[in-house]
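S.K.:
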Amino acid sequence: IYLTKILTSKSLPEIGREFSNRDHTTIIHSVKTIEKLKEKDPEMTNNINNLKNQILYNNENEI
2 IYLTKILTSK
12 SLPEIGREFS
22 NRDHTTIIHS
32 VKTIEKLKEK
42 DPEMTNNINN
52 LKNQILYNNE
62 NEI
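Residues in the sequence shown are numbered consecutively from 2, following the working numbering.
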């Protein structure tokens with residue numbers, strides 16, 4: 002959910018529909034939870050950044 006929010010221009014309701022029809026407030030809560038975890042846990046930040054970079058790299062290299 003977090004990566005979908007930061008890597009796309011989809012609205013909160015659109016993201017919610019993609020994830021088992023979740024309410025937009027669930028998306029907000031999920032994003033805030035990850036942001037708080039990133040502040041406290043450098044390994045979490047590193048893992049998220051690695052995933053983000055892999056996604057961006059794969060999107061750039063699609064045929």
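Glycine is no exception: its CB is placed at the ideal position from the N, C-alpha and C atoms.
Rounded to a whole number of angstroms, what is the C-alpha to C-alpha distance between L38 and N62?
M.R.: In the sequence shown, the residue the question calls residue 38 occupies position 37. In the sequence shown, the residue the question calls residue 62 occupies position 61. Roughly 30 Å separates the two Cα atoms.
S.K.: Determine the contact status of L8 and H25, defining contact as a CB-CB distance below 8 Å.
M.R.: For the purposes of this step, residue 8 is taken as residue 7 along the sequence shown, with counting starting at 1. For the purposes of this step, residue 25 is taken as residue 24 along the sequence shown, with counting starting at 1. Against a cut-off of 8 Å, the Cβ pair of H25 and L8 comes out as no contact.
S.K.: Relative to the alpha-carbon of I29, which residue among E15, N50 and L52 has its alpha-carbon at the smallest distance?
M.R.: Numbered from its first residue, the sequence shown carries residue 29 at position 28. Closest by alpha carbon: E15.
S.K.: Could you check the C-alpha separation between N47 and V32 for me, to the nearest Å?
M.R.: Position 46 of the sequence shown, counted from the first residue, corresponds to residue 47. Position 31 of the sequence shown, counted from the first residue, corresponds to residue 32. Answer to the nearest angstrom: the Cα atoms are 16 Å apart.
S.K.: Note down, in chain order, each residue of its chain lying with its Cβ closer than 8 Å to the Cβ of L52, except the 5 sequence neighbours on either side.
M.R.: Looking up residue 52 in the sequence shown gives position 51. Within the same chain, L4 come within 8 Å of L52 by CB-CB distance, once the 5 residues on both sides are set aside.
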